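Worksheet: one structure, shown below.
Numbering (my numbering), first residue to last: 1462 to 2284.
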């Protein structure tokens, strides 16, 4: 039980072990705070792992109950007088907070920080803090019933009803990739603090470039005090220190100090320069706030052109092509999220040549340390506000709650150099057409949406006037309420026809987005992950367990239908998993290769999605836990800053080799093409060389498709003058039409030192899409590559955790011939 004496700092950390009980007293146990109720129940053995088998069904009762969390703390007699408050970073979500049985807070927004006064409730000696977390299911139903008209939600995404009534992560109610268990808990900091003269409420910054290259960094501090007074305030920026004695009024007082930085080192996105960072600290007695600062300018270019209007980011005066993916919460249960695990996921994004992630609007605004990681890694952040795929209330109380949420989050995060854009929502304009109610009475629901969208816009502009605002994703632009799904001329696009409409991969080349912020194709999670939730008897794509880990209606059928279209059907379950990942990578590569070739018409591709929240069939390129699927290895190649891609013409008569240069310097590219027989022998076809200007795409070579005989494949290798190199292949028609001969694939693994293994993979014939897997988790230096006859390649495998001394990993090799059971 923590105690506070007069000699200590006047803060009581309230994290740690709490008592947890259901309000009906049917369960009593302990919970680690910060943490969630489901994880506590699993730790206590009350429930099994929700992620295993079909346990999701067995834990539905948890979210239907109210839960009471309690702990005690001590205060000495001398410490009780004064202005005390609780500092609660995130309550999930409908919560009543009591101190010594006195109600001090009624919370209803998971995305707001609460700081209720509690001084009148405290007493000397033992004090009791009680938090009642109410069922979000019951609360959603109650709030829906209180609406002046029904507010629809996406039943396809949310099997738990009425999540749109609550300011809570929308994916908690299920999604087409997420478990539906409506978790609840206390996340982040929770502490009892005594107010001295004042506390720091917000620290925001604004950069004002000067003509001589210097930058004025305006630091605005919002202080909160209960009564007028004087407080010392210290500012520190990279060794520059300033002390101010400030007068404060009751309520909020704003104070601005300006640092002039004569020759700032610039922050650049990954792959475009260094991530130079400065540390800003603002402190007063008992309170310190630190911000990570990167000096940079960023603009969103939407100027008119021949096609419509542009959608491009310009950083430090240079237009940057955005290569990246969409981010969803790192785990469905907050207790399982760790900074180390998140850093691994974000590092994987950078390792695959990404420079942007989009934080999707159905999850969380991430914690401060997440954006610190993005700053350090050079990942620009497209930040959605947390509204996704539903319609939402526009009653005064709901909008007031949203305005407070937006103001808090924007002030908290806007100083990060990684924040590139704030977007109002995900697909809410499109959602107006999804529901019978809004189709029948579009004006009513459009006005309701516009009220919400304007509150978000006005709140962000008040909190950070210089922040870049985009109304919705996808969107043609402000005050345009077309759904923008296939708008080639302006704005950002979500393109889902290949997946949701089961169109061919070639269909990606029928659209010309200015910026594609969502597109994707599903695969199964890797065998090492499947084994975590399924038994041997479950290893069938139609088994109840596997279907329970497929949340998109018709997803399994779509994966299988695509295989029938392009491949001979795989011979067993593990090959089915392998082939699903290969075709996922081929789908996304088809889109990216073409859209990058359109540069500068298209200036960004963010595929759906980077990561998973639990082990599930999904659009992610990383498995739950961070292992790379086949697509992520392919992503590293097709997102390389200098890349070559084969793009067939729409009539199939020609093949153009696109040369893309995302660097700031011109590059000369040397290309060599080959014909490869079905037995794997290669012969030179033609060579070409050319120079590509900085930040441009050009056609290096065009050949007639008839130059490639039907029983041969087109291979190529390239090398750029900056050292970047790559390879690839292109086929006429489909892989299933190829009578591939045996690849003779062999694997030889040797200990490579430092717990790693060096794996030499060789082929006597043609081995397409070679994928090496181990029966333990880990990462490979390369994977999902091709070998021709007589070729070998040595790659390194680094286990995620060192195996036991007597445990030797078992490596399995997959390639297209062996997968399809050709012999």
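All C-beta atoms, glycine included, are put in the ideal place defined by N, C-alpha and C. This one's a predicted model, so the numbers in the text were calculated from it and none came from an experiment.
| query | result |
| --- | --- |
| Within the region 1565-1640, ranges of the beta strand (DSSP E) (whole runs, at least 3 residues) | 1586-1594 |
| Option nearest residue 1716 by Cα separation, candidates 1607, 1661, 2271 and 1524 | 1661 |
| Nearest neighbour of residue 1987, chosen from 1978, 2002 and 2134 [CA to CA] | 2002 |
| Simplified DSSP assignment, three categories, for residue 1979 | strand |
| Euclidean distance between Cα positions of residue 2219 and residue 2229 | 21 Å |
| Buried/exposed call for residue 1719, threshold 16 Cβ in 10 Å | exposed |
| Assigned secondary structure, residue 1461 (DSSP; H/G/I helix, E/B strand, else coil) | Because residue 1461 is not part of the residues shown, which for the chain are 1462 to 2284, the question remains open. |
| Unbroken beta strand (DSSP E) run spanning residue 1426, endpoints | Residue 1426 is absent from the model: the chain starts at 1462 and stops at 2284. |
| Chain-order list of residues whose beta-carbon lies under 6 Å from that of residue 1626 (same chain, five-residue window excluded) | 1601, 1604 and 1605 |
| Rounded straight-line distance, which links the Cα of residue 2174 to that of residue 2193 | 8 Å |
| Status (buried if at least 16 other CB within 10 Å, exposed otherwise) for residue 1906 | buried |
| Assigned secondary structure, residue 2273 (DSSP; H/G/I helix, E/B strand, else coil) | strand |
| Meets three-Cβ-pair contact criterion under 8 Å: the region 1749-1759 and the region 1797-1808 | no |
| Residue 2280 - DSSP class collapsed to helix/strand/coil | helix |
| Where residue 2185 falls: helix, strand or coil (DSSP) | coil |
| Coil, strand or helix - residue 1658 by DSSP | coil |
| Residue 2199 to residue 2027 span [Cα, whole Å] | 10 Å |
| Proximal residues to residue 2065 (C-beta, below 6 Å), its chain only, five neighbours per side dropped | 1783 and 1976 |
| Separation of residue 1788 from residue 2030, as counted between CA atoms | 32 Å |
| Selected residue, minimal CA-CA separation from residue 2285, among 1853, 1957 and 1935 | This structure does not reach residue 2285, given that the chain is present from 1462 up to 2284, and the question cannot be answered. |
| At least 3 beta-carbon pairs within less than 8 Å: the region 1527-1534 vs the region 1620-1639 | no |
| Extent of the continuous beta strand (DSSP E) to which residue 2004 belongs | It is not in any beta strand (DSSP E) - residue 2004 carries neither H nor E in the DSSP assignment. |
| Contacting residues, own chain, Cβ-Cβ under 6 Å from residue 1657 (five flanking each side not counted) | 1746 and 1747 |
| Backbone CA spacing between residue 2097 and residue 1814 [nearest angstrom] | 6 Å |
| Coil, strand or helix - residue 2153 by DSSP | strand |
| Rounded C-alpha distance that separates residue 1643 from residue 1770 | 41 Å |
| Those residues which DSSP pairs with residue 2214 across a bridge | 2217 |
| The region 1564-1583 / the region 1536-1548 touching (three or more Cβ pairs under 8 Å) | yes |
| Element boundaries [alpha helix (DSSP H), containing residue 2115] | It is not in any alpha helix (DSSP H) - residue 2115 instead sits in the beta strand (DSSP E) that spans 2115-2122. |
| Stretch pair the region 1832-1848 + the region 1874-1888: three plus CB contacts closer than 8 Å | yes |
| Beta-carbon gap between residue 2223 and residue 2253 smaller than 8 Å | yes |
| Stretch pair the region 2124-2135 + the region 2152-2161: three plus CB contacts closer than 8 Å | yes |
| Touch test, the region 1608-1620 against the region 1847-1863, Cβ-Cβ under 8 Å, three pairs minimum | yes |
| Integer-rounded CB distance, given that residue 2016 should sit under 8 Å from residue 1796 | 28 Å between Cβ atoms; not a contact. |
| Start and end residues, alpha helix (DSSP H) containing residue 2096 | 2091-2099 |
| When 2093, 1980 and 1961 are compared against residue 1953, the one with the closest alpha-carbon | 1980 |
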